[in-house]
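Trainee:
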Amino acid sequence: MGVAPGLHAVRSAVLLLLLLLGAVPGTGSAAGRFDVSLVTIGPGEIYWARFGHNAILVEDRETDNAWTYNYGLFDLAEEDFFINFARGRMRYLLAATDPELEFEAYRREGRSVLLQRLALTDAQALELVRFLEWNRLPGNRSYLYDYFRDNCSTRVRDALDDALGGALAAQFKPLPASEGTFRWHTRRLAAPEPWLYVATDLGLGPFVDKPVSRWDEFFLPRVFADAVREVSVPGSDGSLRPLVTAEQTLAPARVIEPAGPPGWSRWYLLAGVAGGIALFLLDGRTRSFARRSWWLLSGLIGAGLLCLWLLTDHAAAWANANALLFTPLTLPLVLLSRDSRWASPLVALTLASAAAGAVMALVRYQGNLDWVLFAVPLQAAAIAAWVGGRRARKAPTPR
């Protein structure tokens with residue numbers, strides 16, 4: 001499988017030319033020429049590798065060359081890359097790479113590498129290769145990345161499904177998800193990095209709580225790899241045979257995927273109640289400082305969530321009910337005095353906003369009960385501290 005990168009690129013270009021000119025299909029020289037495997041890479045220790053990865057391996061038996069078709073590349077040199085990233089307009093690329101170099105990189109990172117040889121007919125394998133070579137042309141190779149609906153794994157899924165004549169979609173689209181929603185999977189895989197768990201769970205809106213099919217779950221490479229083991233497809237003679245004909249583990253896993261999300265609800269509640277009690281029991285200026293600090297943090301979080309919804313294309317962050325729990329309405333309260341005519345209405349709206357957020361969680365508009373357990377006690381304590389301080393100021397001074 002190993003070839004020098006330069007020679008690898010030249011041979012790939014020659015194959016591309018033959019395929020696009022139509023020279024291969026009609027001559028019979030490509031009949032039985034390509035072996036196709038699904039490559040699944042396990043999660044890594046770095047946060048961005050927690051969800052795993054996959055690719056399509058094509059081996060040319062005639063030339064003894066191989067290519068890994070990888071939809072997970074991006075170009076940091078792209079104009080306005082970081083601005084587009086923040087706005088949810090990330091462009092990812094398809095590239096064909098040397099398998100040995102790629103697999104060795106994963107081994108060094110301690111990530112598992114699983115190969116599943118697929119029982120594609122000669123015609124299906126050839127059609128897949130032609131599509132992949134067309135797809136990686138400069139004008140075709142980029143796509144707008146979406147975490148859940150259009151990522152490196154769903155692109156591999158769709159390419160294989162097209163080659164199989166829609167057999168994967170026909171089997172898995174009608175079936176409900178085997179394990180959970182998008183949020184369930186995100187919590188599960190982000191849990192080893194608590195900060196990643198907290199940030200993603202806070203920023204995701206109701207989109208990730210909708211019921212999904214098994215087909216939708218294939219945004220995760222490991223879930224897709226497990227599913228293809230269940231598939232049977234007709235062979236060249238019309239008889240059914242398993243889609244996966246052989247499996248090989250090229251690298252063991254150093255990082256193991258969690259089986260499910262952690263049950264941290266009690267810790268969210270404990271943090272919220274403890275913080276609320278501490279805030280309310282403080283005296284004088286210390287209490288005022290703590291209240292304003294919480295409202296500043298709450299307001300900044302809420303403003304950030306609103307920006308994700310209204311100013312970006314991150315569809316998974318739209319209509320996030322957490323913006324009611326961490327409301328931007330508290331930002332003016334950081335500066336306003338208790339005597340301001342705007343203070344009382346804003347405090348009332350903050351209370352109503354937190355209550356609305358709690359009700360939306362209870363009716364399962366969004367799976368954010370953990371954030372209700374954390375934020376509502378703190379908002380209630382801050383409001384109680386504000387009301388108590390205002391009454392103290394209005395109380396007559398004893399003589």
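In my numbering, the protein residues as written are 1 to 399. The beta-carbon is built from N, C-alpha and C at its ideal position, and this holds for glycine as well.
Of the choices V39, R33 and G32, whose alpha-carbon is the least far from that of A225?
Mentor: Here residue 225 is taken as the residue at index 225 of the sequence shown, counted from 1. Selection V39, R33 and G32 evaluated against A225 yields V39 as nearest (Cα-Cα).
Trainee: Answer with buried or exposed for A382, where buried requires no fewer than 16 other C-beta atoms within 10 angstroms of its C-beta.
Mentor: Counted from its first residue, the sequence shown places residue 382 at position 382. Buried, by the Cβ-count rule.
Trainee: Excluding five sequence neighbours on each side, which residues of the same chain lie with their C-beta closer than 7 Å to the C-beta of Y106?
Mentor: Position 106 of the sequence shown, counted from the first residue, corresponds to residue 106. Correct list, in chain order: I41, V113 and A251.
Trainee: Could you please give the first and the last residue of the uninterrupted beta strand (DSSP E) stretch that includes A321?
Mentor: Along the sequence shown, one-based indexing puts residue 321 at 321. Segment: none, A321 is in no beta strand (DSSP E) and carries neither H nor E.
Trainee: Let me know if G235 comes out buried or exposed under the rule of 16 or more other beta-carbons within 10 Å of its beta-carbon.
Mentor: As a working note, residue 235 is residue 235 in the sequence shown. The residue is exposed, with fewer than 16 neighbouring Cβ atoms inside 10 Å.
Trainee: Mind listing, in chain order, the continuous beta strand (DSSP E) runs of no fewer than 3 residues lying wholly within the segment 158-198?
Mentor: Entirely contained in the segment 158-198, not one beta strand (DSSP E) run reaches 3 residues.
Trainee: Would you list, in sequence order, the uninterrupted beta strand (DSSP E) runs of no fewer than 3 residues that lie entirely inside the segment 219-264?
Mentor: 232-234, 240-242 and 244-251
Trainee: Extract the residue ranges of the alpha helix (DSSP H) inside the segment 119-151, only unbroken runs of 4 or more that lie entirely within it.
Mentor: 122-135
Trainee: Measuring only the C-alpha atoms, how far is D209 from A274?
Mentor: Residue numbering aside, residue 209 sits at position 209 when the sequence shown is read from its first letter. Residue numbering aside, residue 274 sits at position 274 when the sequence shown is read from its first letter. Distance between D209 and A274, taken at the CA atoms: about 29 Å.
Trainee: On the criterion of 16 or more Cβ atoms from any shown chain inside 10 Å, does V359 qualify as buried, or is it exposed?
Mentor: Numbered from 1 along the sequence shown, position 359 holds the residue referred to as residue 359. Counting Cβ neighbours within 10 Å, V359 comes out exposed, since fewer than 16 surround it.
Trainee: Could you tell me whether the segment 44-53 touches the segment 128-141, where touching means 3 or more Cβ pairs closer than 8 Å?
Mentor: no
Trainee: Does DSSP put F207 in a helix, a strand or coil?
Mentor: On the sequence shown, residue 207 is found 207 positions in, with the first residue counted as 1. Here F207 sits in helix by DSSP.
Trainee: Check for me: the beta strand (DSSP E) holding S293 runs from which residue to which?
Mentor: Counting from one through the sequence shown, the residue named residue 293 turns up at place 293. Note, S293: premise wrong, no beta strand (DSSP E); alpha helix (DSSP H) at G284 to L311.
Trainee: Which partner residues does D35 have in the DSSP bridge list?
Mentor: Mapped onto the sequence shown, residue 35 falls at position 35. In the DSSP output, where bridge partners are listed per residue, D35 has E59.
Trainee: Between the Cα of G276 and those of A361, A290 and S265, spot the shortest distance and give me the residue it belongs to.
Mentor: What you label residue 276 is simply residue 276 of the sequence shown in a count that begins at 1. Nearest C-alpha to G276: A290.
Trainee: Can at least three beta-carbon pairs, one atom from the segment 213-232 and one from the segment 64-77, be found at a separation below 8 Å?
Mentor: no
Trainee: State the DSSP-derived secondary structure class of G275, mapped to helix, strand or coil.
Mentor: Position 275 of the sequence shown, counted from the first residue, corresponds to residue 275. Three-state result, G275: helix.
Trainee: Determine the direct distance from the alpha carbon of R91 to that of T68, and round the result to whole angstroms.
Mentor: Numbered from 1 along the sequence shown, position 68 holds the residue referred to as residue 68. Numbered from 1 along the sequence shown, position 91 holds the residue referred to as residue 91. Distance between the alpha carbons of T68 and R91: 20 Å.
Trainee: Among the candidates L333, L270 and V347, whose CA atom is the shortest distance from the CA of P377?
Mentor: Reading the sequence shown from its first residue, position 377 is the one you call residue 377. Looking at the Cα atoms, L270 is the closest of the given residues.
Trainee: Run the CB neighbour count on W195, radius 10 Å, all protein chains shown included, and call it buried at 16 or more, exposed below.
Mentor: Counted from its first residue, the sequence shown places residue 195 at position 195. With fewer than 16 Cβ atoms within 10 Å of its Cβ, W195 is classed as exposed.
Trainee: So F172 packs on A227, CB below 8 Å; how close in whole Å?
Mentor: Reading the sequence shown from its first residue, position 172 is the one you call residue 172. Reading the sequence shown from its first residue, position 227 is the one you call residue 227. Indeed they touch by this definition, with Cβ atoms about 6 Å apart.
Trainee: In the DSSP assignment, find the alpha helix (DSSP H) that holds N84 and state where it starts and stops.
Mentor: Counting from one through the sequence shown, the residue named residue 84 turns up at place 84. That run of the alpha helix (DSSP H) goes F81 to A86.
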